[in-house]
Structures are given as C-alpha cells and as structure tokens.
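Per numbering that gives the first Met the number 0, residue 0 is the first one in the sequence shown, and the count goes up by one each step. We treat Cβ as the ideally placed atom computed from N, Cα and C, and that holds for glycine.
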Amino acid sequence: MNFYHKVLLYVIFDESSLTSGCVHNVKKFDNTGEDLEDLISIGTIGLIKAIESFQTGKGTKLATFAARCIENEILMHLRSLKKTRKDVSLHDPIGTDKEGNEITLIDILGTEADDVAEKVQLKIEKSKIYKNLDILDDREKEVVVGRFGLIAGGEERTQREIAKELGISRSYVSRIEKRALMKLYHEFYKAKR
Numbered sequence: 000m001n002f003y004h005k006v007l008l009y010v011i012f013d014e015s016s017l018t019s020g021c022v023h024n025v026k027k028f029d030n031t032g033e034d035l036e037d038l039i040s041i042g043t044i045g046l047i048k049a050i051e052s053f054q055t056g057k058g059t060k061l062a063t064f065a066a067r068c069i070e071n072e073i074l075m076h077l078r079s080l081k082k083t084r085k086d087v088s089l090h091d092p093i094g095t096d097k098e099g100n101e102i103t104l105i106d107i108l109g110t111e112a113d114d115v116a117e118k119v120q121l122k123i124e125k126s127k128i129y130k131n132l133d134i135l136d137d138r139e140k141e142v143v144v145g146r147f148g149l150i151a152g153g154e155e156r157t158q159r160e161i162a163k164e165l166g167i168s169r170s171y172v173s174r175i176e177k178r179a180l181m182k183l184y185h186e187f188y189k190a191k192r
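Pasting the structure below:
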C-alpha cells in the first residue's frame, strides 16, 4: 500500500467513519442470518480493496466505488458459504410421526401427480418467459437464457461460467441478470393487470 492509500485510510477515514460506512452497506445483508460483526469485517476488507484499486480519473466517487466493492466482497463471502453447506440426503431422518416412526424428506415430498402438475406449470411459465424475451437486449437475453437453461435441452449455467464465456466479470453478469429479471417481472406484472 503506497503513501496515498495510507493517507486515505488513516486521515480521511477515521476508525468510526470507516466502520459506519461499512455498517451502512452491510445493513442490506442483515437478513442473511450471518453475524453482523463478521459481515462488517468482510465489508472492511472490501473497503480496503476499493481504496487500493480506486482510480481518480474514472469519474466515479470513492464512496460509490467503495460501496460496490463492499457489497461484492460480502456477496462473494455469502456465495462461498453456500458452497460449503452440508448436502442433505432425502433419506436422512427429519423427525418422528405420532407413532414414533422416523420421517424422512422422501416421505413428505410430493407424489407423482404433484410432479406432473409442477412440470406442466413450469412449461407454462417458460412459454410466458419466451414470449417476453423480446423486451430484453441481446446481452440480457444471453444471460437469462444461459442462467435458466431456457433453450431446448439447455442446462442452467452459473454466473461465473457465463462471465467467462462473455469475457466480463461475474458481478457484471449478476447486474445484467438482475436488470433483465426486473424487466421481465414488470412485463409479467403489466400483463396481469
């Protein structure tokens, strides 16, 4: 870290404003069930990364850039936690019935009739999405189709896979996906009125 960055860290941001800036951005993630202090620590790492990589000539304010970096750092942390969570078997016991017999997930999951109804509903929803894909620009279409496997026999792909294919960052794919889904949501909402 060069002298300029240290000045930014220790003079412009005193300890309390550094923490309060992180806390402000961390509040969005309060509903994740993660410890607030852990999220603040991760947000602080994002802030430090922002300060280290901030370029004044780009026309972006440091606060705006830092907020995005803090959010991205927390999102990456939450994604890594999802990957490490334990897989659950359908045959693991989850409780007991009135007679004291063990109940497993497979016991309470839907029957074949439910599966058929779900497949029909999914097909109807996909056809609605196909009709509304025209409101998206080409890149948004590409991201949504890739993420949700909307082409015939298509497989759902991760944001990271799509980012690599398109030559952009995973966080940019996430923003494109979010924007596209909001457009589709508003189109569906308009159609229901």
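Collapsed DSSP secondary structure at residue i in the structure displayed
{"i": "I200", "result": "Missing from the structure shown is residue 200; the chain here goes from 0 to 192 and no further."}
{"i": "T95", "result": "strand"}
{"i": "E160", "result": "helix"}
{"i": "I102", "result": "strand"}
{"i": "F53", "result": "coil"}
{"i": "S88", "result": "coil"}
{"i": "I167", "result": "coil"}
Contacting residues, own chain, Cβ-Cβ under 7 Å from residue i (five flanking each side not counted)
{"i": "I44", "result": "E72"}
{"i": "H185", "result": "none"}
{"i": "G239", "result": "This structure cannot speak to residue 239, because the chain is shown only from 0 to 192."}
Alpha-carbon to alpha-carbon, residue j and residue i
{"i": "E33", "j": "C68", "result": "19 Å"}
{"i": "K163", "j": "V143", "result": "15 Å"}
{"i": "I123", "j": "K189", "result": "18 Å"}
{"i": "T31", "j": "L38", "result": "10 Å"}
{"i": "L183", "j": "L121", "result": "16 Å"}
{"i": "E14", "j": "D29", "result": "Unreliable positioning characterises E14 in this predicted model, as indicated by a pLDDT of 48, which lies under 50. The coordinate reading is nonetheless provided below. Going from the Cα of E14 to the Cα of D29 covers about 22 Å."}
{"i": "A66", "j": "K130", "result": "36 Å"}
{"i": "K27", "j": "T55", "result": "27 Å"}
{"i": "I175", "j": "P92", "result": "40 Å"}
Nonlocal neighbours in the same chain, by C-beta distance under 6 Å from residue i, ignoring five residues either side
{"i": "Q158", "result": "R169, V172, S173"}
Sequence-distant residues of the same chain with beta carbon closer than 8 Å to residue i, five excluded per side
{"i": "D96", "result": "I102"}
Query raised in the report: Does the region 145 to 157 come within contact of the region 95 to 107, defined as at least 3 CB pairs closer than 8 Å?
Result: Touching, no.
Query raised in the report: Can you find at least 3 beta carbon pairs, one from the region 162 to 179 and one from the region 129 to 144, that sit closer than 8 Å?
Result: Yes, the region 162 to 179 touches the region 129 to 144.
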